[in-house]
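S.K.: Residue numbers (the working numbering): 1 to 509.
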Ligand SMILES: NC(=O)C1=CN([C@@H]2O[C@H](COP(=O)(O)OP(=O)(O)OC[C@H]3O[C@@H](n4cnc5c(N)ncnc54)[C@H](O)[C@@H]3O)[C@@H](O)[C@H]2O)[C@@H](O)CC1
Ligand SMILES: [K+]
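1. Is residue 130 a contact residue of ligand 1, with contact defined as CB to any heavy atom under 8 angstroms?
2. Can you say whether residue 260 is buried or exposed, counting buried as having 16 or more other CB atoms within 10 angstroms of its CB?
3. Taking the beta strand (DSSP E) that residue 252 belongs to, which residues open and close that run?
4. Which class does residue 113 belong to by DSSP, given the choice of helix, strand or coil?
5. When you compare the CB positions of residue 164 and residue 216, do they come within less than 9 angstroms of one another, or not?
6. DSSP state of residue 377, grouped into three classes?
7. Just to check, is the beta-carbon of residue 142 closer than 8 angstroms to a non-hydrogen atom of ligand 2?
8. Run the CB neighbour count on residue 37, radius 10 Å, all protein chains shown included, and call it buried at 16 or more, exposed below.
9. From residue 488 to residue 475, what does the alpha carbon distance come to, in whole angstroms?
10. Helix or strand or just coil, what does DSSP make of residue 224?
11. Name the DSSP beta bridge partners of residue 322, please?
12. Per DSSP, what kind of secondary structure is residue 509 in: helix, strand or coil?
13. What are the start and end residues of each continuous beta strand (DSSP E) run of 3 or more residues lying completely inside the segment 262-315, in chain order?
14. For residue 325, which of 318, 282 and 331 has the nearest alpha-carbon?
15. Mind the definition here: the segment 183-190 touches the segment 413-422 only if three or more C-beta pairs lie below 8 angstroms; say whether that holds.
16. Are residue 121 and residue 153 close, meaning C-beta to C-beta below 9 angstroms?
17. Return yes when the C-beta of residue 10 is under 8 angstroms from any heavy atom of ligand 1, and no when it is not.
18. Are there three or more Cβ pairs, one per stretch, closer than 8 angstroms when the segment 239-255 is compared with the segment 200-214?
19. Thinking C-alpha only, which one of 502, 9, 449 and 448 is nearest residue 222?
20. For ligand 2, any of its heavy atoms closer than 8 angstroms to the Cβ of residue 161?
21. Assess contact between the segment 98-109 and the segment 58-72, defined as three or more Cβ pairs (one per stretch) separated by less than 8 angstroms. Is contact present?
22. Pair every Cβ in the segment 457-469 with every Cβ in the segment 478-487, then say whether three or more of these pairs are closer than 8 angstroms.
23. For residue 5 versus residue 191, is the C-beta distance shorter than 9 angstroms?
24. Mind the definition here: the segment 84-93 touches the segment 40-57 only if three or more C-beta pairs lie below 8 angstroms; say whether that holds.
25. Let's test the definition: count the other Cβ atoms within 10 Å of the Cβ of residue 509 and tell me whether it reaches 16, buried, or not, exposed.
26. Hey, quick one: how far does the beta strand (DSSP E) through residue 127 stretch, first residue to last?
27. From the DSSP output, in three-state form, read off residue 33 for me.
28. Mind checking who residue 206 pairs with in its DSSP beta bridge?
29. Below 9 angstroms between beta carbons: does that hold for residue 307 and residue 257?
30. Within 10 Å of its beta-carbon, does residue 187 have 16 or more other beta-carbons around it, so buried, or fewer, so exposed?
31. At what residues does the beta strand (DSSP E) containing residue 81 begin and finish?
32. For residue 505, count neighbouring Cβ atoms within 10 angstroms of its own Cβ and tell me buried if that reaches 16, exposed if not.
33. With a threshold of 8 angstroms (Cβ to nearest heavy atom), would residue 178 be considered close to ligand 2?
34. Tell me whether the segment 347-355 and the segment 375-385 touch, counting them as touching only if at least three CB pairs, one residue from each stretch, are closer than 8 angstroms.
35. Would you kindly report the start and end of the unbroken alpha helix (DSSP H) that includes residue 467?
36. In whole angstroms, give me the CA-to-CA distance for residue 310 and residue 253.
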C-alpha cells in the first residue's frame, strides 16, 4: 500500500472531484457515510453519550456530517465547534447548515477554556478538529481542550488523523495531540502512525478507502510503501521443479565469539530454515562443536582464533556473506572484519557488532559492497548516524546515509523500516514478543539466505523483514508474546511462508 503525504492527499482530493465530476460536498457525504457505517456497525445503536468536537475546516465538516447521520439514527450526540478562526471552509459551512435540519440542539461554539465541556469516562469522543490541514502546533485554549480530551477516560475516535498530529513531518516537542483509541484514516495510514514517538497517538487504526482517483494514486511517488501480506506475496519466488541445492546459494555466516556462539547458531540456522541451499558457519574454533551438534545441516569453518576472530581465511567460491552477530569489537576482530568485507564484491548483510565496527571505523564503510544490507537496532543506528530528535529526523538521517553510501538500512522496531536511497518500506508484521535476545541474529540469517537465493538485496531485506515478523506472529499464537524466543521464531519461518498464501491478511498476534 502506498503512503501518500498530506499534500499529495489534498491534491488527490481535488483531482478526484474533477475526474469523478462530483462536488466536494458529495465527496464529504461519501466519506462521512463510510465512517458512520463503521461506527454504527460497532455501536449498534447503543445509547452512549457521544461528544463530537469539530474544527472549522474540512475535518470539522466530516465531523458535522458524521454527527448528522448519527442524530438521524437516534444516537445521543452533542456537537461542539472549536471556534478558533473566522476562516471556515466552505464544506464546513455547508454541513453546519445541514445539521440544523436534523436537530434543534444546535452545535455549541467553544471560544475559550471556560467553554470546554466536562468529558466523562463513559463518553465516546469523536475528534474531528484537525486532519491533514494542520499547519502549526495547537496552542492556547485548544491545547487545553486536547489535554482534557486525553485526560478523560472516554473512548476517543479520531477522524482521518488524531488532531494535532503531523502526518509526515517532524512534530515539535510537547505539542498538543489527541491520543486516539482508534483512528479512521482516509486512503492510507499516515507516515507518523508508524514511528515510535508519534504512532502512539493514532491508537489502533483502520484505513477507509474513500475512492480517490486510482490513476492519480498509481502515478504518485509515495513517501513510503507499507509491506502487507499481499505485497510480500508479490515478492516471493517459488522454486522450480528441476532445481537443485546449487540454485539456492551458499550463505557464509561469520558470527560468534566465546559466550556468544549462540548468535552464530541462530543466524546460521535461520539461513538454512529460510532455504539457503547450503550454509557454512565461520566461527572462532571454540564454536565448532557447538555448531556441529546443534545444527547438523550447517557446515563449519573455524578461524585460527579460539575465542574470537583473528583473521578471515575462507577459501570458498561463490558464497554470500552475513557478518556481525556476536563477533565483538576488539582490535583483532576489527582487522578480521575489515579483511572479510574487503574480499567481497557481492552485497553482504552486516548486523550487530559488524555495524558497531563500522561506526567506530567509518573509513571501512567505503569497503562495504554496494547494495549491502545493514540491520541496526536503534542503539546501533545512533552509533552509526548520530542522535536524532524525532522519528522523522531518524528517517531523514537514514535516507541521507543510504543514498551517500549506496547501502540498504533496515531500521528495526515495532514497524521495521527498510530504507534504500529515498525509498522507504514499512513492515506490517511482527509483535512485541519479538523484542527478545537473538531475534536480530535470526533476521540477519533470513535476509542473507534470501540474497543467496537470488532475491535482489532490497527485496531480500523487505521480504525477509516481513516473513520474520510473520513467523513471530504465527509463533505467538502458540507461545504467547512472553514465550517467544529467537530459535522459535526461526522455526516458524517455513510455516509463515505457507501462511502467506493461506490468508489475504497475515494474522497479527
Ligand atoms: N474534499 C476534501 O477536500 C476532503 C477532505 N476531507 C477531510 O478534510 C480534512 C482536511 O481538511 P482541511 O484541509 O480543511 O484541513 P483541516 O480541517 O485539517 O484544518 C484546516 C484549518 O485549520 C487551520 N489550522 C491548521 N492548523 C491549525 C492550528 N494548529 N490551530 C488553529 N488552526 C489551524 C487551517 O488554517 C485551516 O483553516 C481531511 O483530514 C479530511 O478529514 C475528507 O472529507 C475527504 C474529502
Ligand atoms: K481529527
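Ideal Cβ positions, reconstructed from N, Cα and C, are used throughout, including at glycine.
Just so you know, these numbers come straight off a predicted model, no measurement behind them.
M.R.: The short version:
1. Yes, Cβ of residue 130 sits closer than 8 angstroms to a heavy atom of ligand 1.
2. By the 10 Å Cβ count, residue 260 comes out buried.
3. Counting along the chain, the unbroken beta strand (DSSP E) around residue 252 starts and ends at 250-254.
4. Residue 113: helix per DSSP, three-state reduction.
5. Residue 216 sits away from residue 164, with the two beta carbons spaced by 9 angstroms or more.
6. If DSSP states are grouped into helix, strand and coil, residue 377 belongs with coil.
7. The answer is no for residue 142.
8. Exposed: under 16 other Cβ atoms inside 10 Å.
9. Residue 488 and residue 475: Cα-Cα distance of roughly 7 angstroms.
10. Here residue 224 sits in strand by DSSP.
11. The partner list for residue 322 (beta bridge, DSSP) reads 253 and 349.
12. For residue 509, the predicted structure reports a pLDDT of 46, less than 50, and the residue's modelled location is therefore unreliable. A value from the coordinates is still provided. Three-state DSSP puts residue 509 in coil, outside helix and strand.
13. Listed in chain order, the complete beta strand (DSSP E) runs (minimum 3 residues) inside the segment 262-315 are 278-284 and 299-303.
14. Checking every option, the nearest Cα to that of residue 325 belongs to 282.
15. Counting Cβ pairs under 8 angstroms, fewer than three are found: no touch.
16. Taking 9 angstroms as the Cβ cut-off, residue 121 and residue 153 qualify as a contacting pair.
17. Yes, ligand 1 has a heavy atom inside 8 angstroms of this Cβ.
18. Too few Cβ pairs lie closer than 8 angstroms, so no.
19. Answer by Cα proximity: 9.
20. Because some heavy atom of ligand 2 lies under 8 angstroms away, the Cβ of residue 161 counts as near it: yes.
21. Yes, the segment 98-109 touches the segment 58-72.
22. No, they do not touch.
23. Yes.
24. Enough Cβ pairs lie closer than 8 angstroms, so yes.
25. Model confidence at residue 509 stands at a pLDDT of 46, short of 50, so the residue's coordinates are unreliable; what they give is reported in the following sentence. A residue is called buried when at least 16 other Cβ atoms come within 10 angstroms of its Cβ; residue 509 meets this threshold and is buried.
26. Here the beta strand (DSSP E) through residue 127 covers 124-128.
27. If DSSP states are grouped into helix, strand and coil, residue 33 belongs with the helices.
28. Per DSSP, 184.
29. Yes, these two residues count as a Cβ contact at 9 angstroms.
30. Around the Cβ of residue 187, a 10 Å sphere holds 16 or more other Cβ atoms; the residue is buried.
31. Counting along the chain, the beta strand (DSSP E) containing residue 81 begins and ends at 76-82.
32. Legend: pLDDT at residue 505 = 49, less than 50; position of this residue unreliable, value from coordinates given subsequently. Residue 505 should be labelled exposed.
33. For residue 178, the CB falls within less than 8 angstroms of some heavy atom of ligand 2.
34. A contact exists between the segment 347-355 and the segment 375-385.
35. Start and end: 457-483.
36. If you take the alpha carbons of residue 310 and residue 253, they lie about 16 angstroms apart.
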